[in-house]
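First the structure, in the form of structure tokens, and then the observations on it.
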Amino acid sequence: MSAKSQICSIWLGSETGILKGVSLTKKQAFNFCEMSCLSRDQEVCVMAWGDPHESEVLVGSVNGTVKTFSTDKGIFTATRECGDPSQGRFTGLAVTDSSMITCVESGLLKVWKEGSTETVEINVGNGICRMQQNPSQRHRVATGGKENPLKVWDLERPDKPIFTAKNVAHDWLDMRVPVWVRDIGFIPDSDKIVTCTGHHQVRVYDPSTPQRRPVLEARFGEYPLTALSLPASQGTVVVGNTHGELAILDLRKGLVRGCLKGLAGAVRGLQCHPSLPLVASCGLDRFLRVHSLEDRSLQHKVYLKSRLNCVLLSSRDLESSSADVSGDVEEVKAEEDEVWDTMETVTEKTKKRAAQKDEATVTEVDGKKKRKLVKK
Amino acid sequence: KPKKGKTKKVKRKVKSDEAPVQEMEQAEGEETEKKSESGPCFPPTFSVSEIKNKQRRHSMFLKLKEEKRKQKLELKKKKKKERKALGDKAPPKEVPKTIENQRIYDETTVNPEDEEVAFDEGTDEFSAYFNRLTNPKVLITTSDRPRGRTVRFCEQLATVIPHAHVYYRRGLALKRVIPQCVSRGFTYLMVINEDRKVPNGLVLCHLPDGPTAHFKVSNVRLRKEMKRRGKDPTEHVPEVILNNFTTRLGHSIGRMFAALFPHDPQFVGRQVATFHNQRDFIFFRFHRYIFKNEKKVGIQELGPRFTLKLRSLQKGTFDSKFGEYEWVHKRHEMDSSRRKFHL
Numbered sequence: 001m002s003a004k005s006q007i008c009s010i011w012l013g014s015e016t017g018i019l020k021g022v023s024l025t026k027k028q029a030f031n032f033c034e035m036s037c038l039s040r041d042q043e044v045c046v047m048a049w050g051d052p053h054e055s056e057v058l059v060g061s062v063n064g065t066v067k068t069f070s071t072d073k074g075i076f077t078a079t080r081e082c083g084d085p086s087q088g089r090f091t092g093l094a095v096t097d098s099s100m101i102t103c104v105e106s107g108l109l110k111v112w113k114e115g116s117t118e119t120v121e122i123n124v125g126n127g128i129c130r131m132q133q134n135p136s137q138r139h140r141v142a143t144g145g146k147e148n149p150l151k152v153w154d155l156e157r158p159d160k161p162i163f164t165a166k167n168v169a170h171d172w173l174d175m176r177v178p179v180w181v182r183d184i185g186f187i188p189d190s191d192k193i194v195t196c197t198g199h200h201q202v203r204v205y206d207p208s209t210p211q212r213r214p215v216l217e218a219r220f221g222e223y224p225l226t227a228l229s230l231p232a233s234q235g236t237v238v239v240g241n242t243h244g245e246l247a248i249l250d251l252r253k254g255l256v257r258g259c260l261k262g263l264a265g266a267v268r269g270l271q272c273h274p275s276l277p278l279v280a281s282c283g284l285d286r287f288l289r290v291h292s293l294e295d296r297s298l299q300h301k302v303y304l305k306s307r308l309n310c311v312l313l314s315s316r317d318l319e320s321s322s323a324d325v326s327g328d329v330e331e332v333k334a335e336e337d338e339v340w341d342t343m344e345t346v347t348e349k350t351k352k353r354a355a356q357k358d359e360a361t362v363t364e365v366d367g368k369k370k371r372k373l374v375k376k
Numbered sequence: 001k002p003k004k005g006k007t008k009k010v011k012r013k014v015k016s017d018e019a020p021v022q023e024m025e026q027a028e029g030e031e032t033e034k035k036s037e038s039g040p041c042f043p044p045t046f047s048v049s050e051i052k053n054k055q056r057r058h059s060m061f062l063k064l065k066e067e068k069r070k071q072k073l074e075l076k077k078k079k080k081k082e083r084k085a086l087g088d089k090a091p092p093k094e095v096p097k098t099i100e101n102q103r104i105y106d107e108t109t110v111n112p113e114d115e116e117v118a119f120d121e122g123t124d125e126f127s128a129y130f131n132r133l134t135n136p137k138v139l140i141t142t143s144d145r146p147r148g149r150t151v152r153f154c155e156q157l158a159t160v161i162p163h164a165h166v167y168y169r170r171g172l173a174l175k176r177v178i179p180q181c182v183s184r185g186f187t188y189l190m191v192i193n194e195d196r197k198v199p200n201g202l203v204l205c206h207l208p209d210g211p212t213a214h215f216k217v218s219n220v221r222l223r224k225e226m227k228r229r230g231k232d233p234t235e236h237v238p239e240v241i242l243n244n245f246t247t248r249l250g251h252s253i254g255r256m257f258a259a260l261f262p263h264d265p266q267f268v269g270r271q272v273a274t275f276h277n278q279r280d281f282i283f284f285r286f287h288r289y290i291f292k293n294e295k296k297v298g299i300q301e302l303g304p305r306f307t308l309k310l311r312s313l314q315k316g317t318f319d320s321k322f323g324e325y326e327w328v329h330k331r332h333e334m335d336s337s338r339r340k341f342h343l
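These protein sequences, in sequence, are chains A and B. According to the UniProt record's numbering, the first sequence is numbered sequentially starting from 1. According to the UniProt record's numbering, the second sequence is numbered sequentially starting from 1.
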């Protein structure tokens with residue numbers, strides 16, 4: 001079990017409550033579940049890394065429990081009751097030094113301190129869809145939801161948000177534009193926050209400016225955008241909607257740079273790799289897909305039998321193999337080169353086909369073989 | 001592009017070849033042409049389509065086809081001879097390739113022993129039906145202001161599906177109809193969309209909070225238009241046959257269809273409804289069967305006949321704008337291969 005969990009570089013939570021680990025190098029997926037008794041109320045809502053070394057995965061379920069899974073040992077090490085299902089599902093899970101932050105749909109944001117039972121509670125408003133932590137300033141969190149504008153909270157001063165977004169001006173019919181924040185992202189190296197809405201808008205807010213309205217607004221598609229992720233390269237954002245359309249948007253002008261093809265179902269979880277130009281997406285069509293952001297091609301596609309809710313990428317190189325494996329690959333390559341060098345070269349003569357048929361087939365076969373190896 | 005240059009050269013050569021051929025008599029001309037065709041006389045990049053004269057081109061083409069047919073027949077005869085000569089040692093006959101047996105293996109094909117899929121299906125939205133906790137009750141309606149054909153189709157569907165009720169859609173919004181259906185105990189809402197006086201779409205919504213499937217309907221045949229059909233179906237609960245729903249998506253759709261009908265079929269009625277999936281098209285047929293003896297069955301087709309093609313499967317009840325889609329048919333991505341099917 002521990003061996004299986006140590007090689008997994010992508011972790012996914014499914015609707016059946018199973019935590020899945022995928023290793024792209026071995027092209028295998030593993031199920032890690034608590035016991036043989038699964039139930040739908042263990043459906044995974046949120047996932048987060050438990051510590052900066054990424055040795056623990058925190059898994060939040062519908063029934064209000066947060067389980068800790070150790071990637072080294074390969075088992076669930078702790079369970080914690082963090083609320084009950086009457087308050088709604090988990091919409092956000094984050095970890096600061098020695099404390100855990102959870103947020104539910106009804107708006108109850110709780111900071112659970114390690115060891116002690118006292119909690120700091122903030123009511124962030126009803127109908128929350130997402131709570132996200134600022135990766136550089138870990139005591140700041142942002143929340144947003146349906147008819148609940150973007151609010152940035154500082155956990156050291158929990159009584160009032162440090163930033164509340166103002167709704168956009170009335171539209172061309174002079175009607176109020178509805179608010180539905182679905183996902184939030186913090187832009188690194190700056191104060192800006194990017195949100196995607198259920199009304200297919202992508203908005204950038206800047207709390208350092210006195211303007212509380214969005215600095216940039218972009219639209220994509222006709223369907224609600226459900227997930228958002230910021231790649232390592234600055235200036236772009238990847239969004240996904242309920243129709244399975246993934247797009248890369250430029251944050252300088254608000255234009256669509258390109259679309260990532262292949263998904264057939266709604267995107268539930270989206271995450272970009274911290275250093276490589278890769279994005280992992282999972283959704284209701286039961287597939288995990290890894291696309292490359294440079295040429296927008298599909299790199300990996302893994303079928304995982306349940307509908308997937310969230311995805312978590314580890315910071316280490318996804319395609320990296322351990323020292324032993326790389327050694328084998330080099331040896332094999334050396335052997336192959338020797339084989340090709342020792343083989344006689346055969347020249348093709350296209351005109352007289354009948355006579356030279358045998359030789360031609362030999363070259364064809366070799367050519368095909370060569371092609372196959374090059375692809376690998 | 002180097003090929004184009006070659007073909008131009010070839011054209012000139014062909015013309016010069018054809019000129020002497022023209023001078024001779026036609027019969028001799030044909031002979032020489034045939035002879036020339038048998039030997040490597042024409043340059044290999046020559047093709048019949050380069051002859052500008054339509055009649056001559058047509059005649060050359062016919063000759064080419066006849067040659068090919070002759071060669072094929074010869075080959076067949078030779079193979080048959082060899083087969084006969086070998087007798088028992090002959091290799092087994094090759095199976096002809098069809099699109100169904102060349103189908104690209106779908107990795108979502110359900111393995112019957114798979115525990116995870118079994119758990120998923122045991123606890124999904126249809127589990128209430130499959131655990132015999134609810135009985136199906138179907139509400140059939142149409143898009144607004146239906147024409148005669150659609151109305152008759154709905155009536156005939158209501159006779160085929162037990163516990164089905166047809167209601168006139170008075171321009172009501174589906175999102176408002178659905179809570180009312182749920183309160184009255186309906187398990188399915190079936191909306192038949194009509195375009196240009198012909199039914200062309202079907203929205204099948206499983207009611208408490210179940211998935212909504214949107215189909216394209218084609219080739220609808222009402223009872224009057226069917227040849228050699230039997231008498232009208234009786235009130236007996238029919239048996240259900242679901243063919244070839246192999247992938248995970250196919251399983252979900254198959255279960256949707258199965259949950260339309262009550263559990264225990266009345267074999268006295270000898271009626272059967274078939275949903276046959278082939279190449280992503282679902283064919284619906286309704287038959288009455290009678291066993292003449294143990295090995296022979298006679299069937300007569302009753303009831304309407306139609307073809308469905310899945311366009312999208314949405315999680316949750318009907319909400320096309322804000323609902324989350326489990327599967328959407330994307331023509332340019334999914335229909336690029338003739339051998340890839342999704343159901």
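We treat Cβ as the ideally placed atom computed from N, Cα and C, and that holds for glycine.
Expected contact under 8 Å - CB spacing of G64/A and V57/A to nearest Å: Within the first sequence, residue 64/A is the residue found at index 64, counting from 1. Within the first sequence, residue 57/A is the residue found at index 57, counting from 1. A Cβ-Cβ separation of about 18 Å leaves G64/A out of contact with V57/A under the 8 Å criterion.
By the DSSP assignment, the alpha helix (DSSP H) with K192/A in it spans what residues? Counting from 1 along the first sequence, the entry for residue 192/A is found at position 192. No alpha helix (DSSP H) holds K192/A; DSSP gives it neither H nor E.
Do V194/A and D206/A count as a contact pair if the criterion is CB distance below 8 Å? Your numbering for residue 206/A matches position 206 in the first sequence. Your numbering for residue 194/A matches position 194 in the first sequence. By the CB criterion at 8 Å, D206/A and V194/A fall outside the cutoff.
Environment of M175/A [buried if 16+ CB atoms lie within 10 Å]: Here residue 175/A refers to the residue found at position 175 of the first sequence. Flag for M175/A reads exposed.
Within this structure, are the beta carbons of A173/B and V166/B separated by less than 8 Å? Your numbering for residue 173/B matches position 173 in the second sequence. Your numbering for residue 166/B matches position 166 in the second sequence. Taking 8 Å as the cut-off, the beta carbon of A173/B is found no closer than this to the beta carbon of V166/B.
Between the segment 68-78 of chain A and the segment 90-106 of chain A, can you find at least three pairs of beta-carbon atoms closer than 8 Å? Taking 8 Å as the limit for Cβ pairs, the verdict is that the segment 68-78 of chain A does not touch the segment 90-106 of chain A.
Rounded straight-line distance, which links the Cα of L312/A to that of N134/A: Along the first sequence, one-based indexing puts residue 134/A at 134. Along the first sequence, one-based indexing puts residue 312/A at 312. In a straight line, the C-alpha of N134/A is about 16 Å away from that of L312/A.
Hey, is the segment 272-292 of chain B in contact with the segment 137-145 of chain B, meaning 3+ C-beta pairs nearer than 8 Å? Using a Cβ-Cβ distance cut-off of 8 Å, the segment 272-292 of chain B and the segment 137-145 of chain B are not in contact, since fewer than three pairs of beta carbons, one from each stretch, lie closer than that value.
Based on the DSSP output, what are the partners of P199/B in its beta bridges? Counting from one through the second sequence, the residue named residue 199/B turns up at place 199. In the DSSP output, where bridge partners are listed per residue, P199/B has E194/B.
Pull the bridge partners of Y303/A from the DSSP assignment, please. Counting from one through the first sequence, the residue named residue 303/A turns up at place 303. Note: Y303/A is bridge-paired with F287/A in the DSSP secondary-structure output.
For the alpha helix (DSSP H) containing Y325/B, name the first residue and the last one. The residue you call residue 325/B lines up with position 325 of the second sequence. Per DSSP, Y325/B belongs to no alpha helix (DSSP H); it is in the beta strand (DSSP E), 324-328.
List the residues of chain B that G235/A touches, going by C-beta distances under 8 Å, in chain order. If you number the first sequence from 1, residue 235/A lands on position 235. Simply none; closest approach about 28 Å.
Compare the Cα-Cα distances from T117/A to each of M100/A, G127/A, Q132/A and report the closest residue. As a first step, residue 117/A is located in the first sequence; it is residue number 117 there, counting from the start. Ranking M100/A, G127/A, Q132/A by CA distance to the CA of T117/A puts M100/A first.
7 Å Cβ shell around S208/A - same chain, five flanking residues per side excluded: Along the first sequence, read from residue 1 onward, the residue named residue 208/A stands at position 208. So the list reads D191, once near-sequence residues are dropped.
Beta-bridge partners of T274/B, as assigned by DSSP: Your numbering for residue 274/B matches position 274 in the second sequence. Its beta-bridge partners are I241/B, R285/B.
Secondary structure of L174/B, DSSP reduced to three states: For the purposes of this step, residue 174/B is identified with residue 174 of the second sequence, where counting begins at 1. Here L174/B sits in helix by DSSP.
Could you work out which residues of chain A lie near V117/B, taking near to mean beta carbons separated by less than 7 Å? Within the second sequence, numbered from 1, the residue matching residue 117/B stands at position 117. Correct list: K305.
Is any beta-carbon of chain B found at less than 8 Å from that of G269/A? Reading the first sequence from its first residue, position 269 is the one you call residue 269/A. No, its Cβ sits nowhere closer than 8 Å to a Cβ of chain B.
Neighbour flag for D120/B against chain A, beta carbons, 8 Å: The sequence position of residue 120/B within the second sequence is 120, counting from 1. Output row for D120/B: interface = yes.
For P178/A, return the contacting residues in chain B, with the cut-off set at a CB-CB distance below 8 Å. Here residue 178/A refers to the residue found at position 178 when the first sequence is read from its first residue. In chain order: nothing, as chain B lies at least about 11 Å away.
Given this structure, state the Cα-to-Cα distance separating C45/A from E54/A, to the nearest angstrom. Reading the first sequence from its first residue, position 45 is the one you call residue 45/A. Reading the first sequence from its first residue, position 54 is the one you call residue 54/A. Whole-angstrom Cα-Cα distance: 19 Å.
Consider the Cβ of R296/A: report whether some Cβ of chain B lies at a distance smaller than 8 Å. Within the first sequence, the letter at position 296 stands for residue 296/A. Chain B contact via Cβ: absent.
Is it true that the CB of R182/A sits closer than 8 Å to the CB of C196/A? Taking the first residue of the first sequence as 1, we reach residue 196/A at position 196. Taking the first residue of the first sequence as 1, we reach residue 182/A at position 182. Yes; because the gap between Cβ atoms is below 8 Å, this pair is in contact.
Exposed or buried, what is G235/A when buried is set at 16 or more other beta-carbons lying within 10 Å of its beta-carbon? The residue labelled residue 235/A in the question sits at position 235 within the first sequence. Per the 10 Å Cβ criterion, exposed.
Residues of chain A with a CB under 8 Å from the CB of V328/B: which are they? Counted from its first residue, the second sequence places residue 328/B at position 328. Listed along chain A are H243, G244, A264, G265, each with a C-beta nearer than 8 Å to that of V328/B.
By how many angstroms is the C-alpha of L260/B removed from the C-alpha of A3/A? For the purposes of this step, residue 3/A is identified with residue 3 of the first sequence, where counting begins at 1. For the purposes of this step, residue 260/B is identified with residue 260 of the second sequence, where counting begins at 1. So the alpha carbons of these two residues sit roughly 47 Å apart.
Spatial neighbours of N111/B in its chain, beta-carbon cut-off 7 Å, leaving aside the 5 residues before and after: Position 111 of the second sequence, counted from the start, is the residue given in the question as residue 111/B. Cβ neighbours of N111/B beyond the five flanking positions: none.
Residue(s) in a DSSP beta bridge with A164/B: Residue numbering aside, residue 164/B sits at position 164 when the second sequence is read from its first letter. V138/B.
Note down, in chain order, every chain B residue with its Cβ under 8 Å from the Cβ of R40/A. As a first step, residue 40/A must be located in the first sequence, where it is residue number 40. Result: T123.
How about S337/B: is its C-beta nearer than 8 Å to some C-beta of chain A? Residue numbering aside, residue 337/B sits at position 337 when the second sequence is read from its first letter. So no, S337/B is outside the interface.
Take G298/B as the anchor and find which of L133/B, T234/B, F281/B, R229/B has the nearest alpha-carbon. As a working mapping, residue 298/B is identified with position 298 in the second sequence. Measuring from the Cα of G298/B, the nearest candidate turns out to be R229/B.
Any chance the segment 208-216 of chain B sits against the segment 229-243 of chain B, with 3 or more Cβ pairs inside 8 Å? No contact exists between the segment 208-216 of chain B and the segment 229-243 of chain B.
Could you tell me if T16/A is buried or exposed, where buried requires 16 or more neighbouring beta carbons within 10 angstroms of its beta carbon? Taking the first residue of the first sequence as 1, we reach residue 16/A at position 16. Looking at its Cβ environment, which holds 16 or more other Cβ atoms inside 10 Å, T16/A is buried.
So the candidates are L173/A, V168/A, K26/A, R268/A; which of them puts its Cα closest to the Cα of L12/A? Within the first sequence, numbered from 1, the residue matching residue 12/A stands at position 12. Nearest C-alpha to L12/A: R268/A.
Out of curiosity, what's the CA-to-CA distance linking S321/A and G21/A? Numbered from 1 along the first sequence, position 321 holds the residue referred to as residue 321/A. Numbered from 1 along the first sequence, position 21 holds the residue referred to as residue 21/A. Legend: pLDDT at S321/A = 49, less than 50; position of this residue unreliable, no value from coordinates given.
Can you confirm whether K34/B, when its beta carbon is compared against all beta carbons of chain A, has any partner nearer than 8 Å? In the second sequence, counting from the first residue as 1, residue 34/B sits at position 34. With a pLDDT of 49 at K34/B, under the threshold of 50, the modelled position of that residue is not reliable, and the figure given next carries that caveat. By this cut-off, K34/B is not an interface position.
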